[in-house]
Amino acid sequence: MACKIGAYELLVFETDIRQKDGPWYFLLLVDDFSRVMWVYMLQKKEDAKVFFHKFVELVETQNDHKLKAIRSYRGGEFLSSDFGEIFDQKGITRYFTAPYSPQQNGVIERRNRTVMDMARSFLKSKMMSCKLWAEAVRHSVYILNRIQTKALDGMTPYEAWSGRKPSLEHMRIFGCIAHAKNYNQIEET
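Residues 43 to 231 in the working numbering are what the sequence shown spells out, letter by letter.
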């Protein structure tokens, strides 16, 4: 098991499920220690810097540790000077993989494959529109953060990250029928 040093992997993935007005990309981040994942939907790759900044703030407020290192490929979205400013301001070390070597980002590449396979399965099993791919991806990440993994000796990523066992009583099958109740009394005229 890795030590808790605040190292993360981050990649932008282009989805093979296209829709006209929705996001075409997603930013996936994985904590090397706990294997917990975060996902942000992007309209364009350049949006990655905005969501990465939000992610850094989230990690620093939700965790006792500062973000120390990030590993990513040499995508143009990660090489911009705006993106570099975030690293400089926060004192985060950047590591880039060698060109054409996705195996150097093995953890996140494998997690992406699992996330996308799950998302496709959710949509296909319920015969749902591809327009819901972003929700299916988010749901996949949510589930994977709450199931046990061999990498953590049977612990969940959520538990390794937060120190608490996740509650599963609110979990439902993706695409199941749900009813919303309006608790506001309707005024009769």
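Don't be surprised by glycine CBs; every beta carbon is placed ideally from N, CA and C. None of the values given here were measured: they were computed from a predicted structure.
- The continuous beta strand (DSSP E) containing residue 112 extends over residues 111-114.
- Apart from sequence neighbours up to five positions away, the residues of its chain that approach residue 135 with a beta-carbon distance below 6 Å are 111, ordered along the chain.
- Between residue 115 and residue 89, the alpha-carbon positions lie close to 16 Å from each other.
- In the structure shown, the three-state DSSP call for residue 130 is helix.
- Taking C-alpha positions only, residue 75 is separated from residue 202 by approximately 8 Å.
- Distance from the Cα of residue 133 is smallest, within the candidate group 73, 109, 68, for 109.
- Of the candidates 125, 185, 173, 185 places its Cα closest to the Cα of residue 211.
- Taking 9 Å as the cut-off, the Cβ atoms of residue 72 and residue 79 count as close.
- A straight line joining the alpha-carbon of residue 153 with that of residue 226 spans about 42 Å.
- Residue 54 sits away from residue 96, with the two beta carbons spaced by 9 Å or more.
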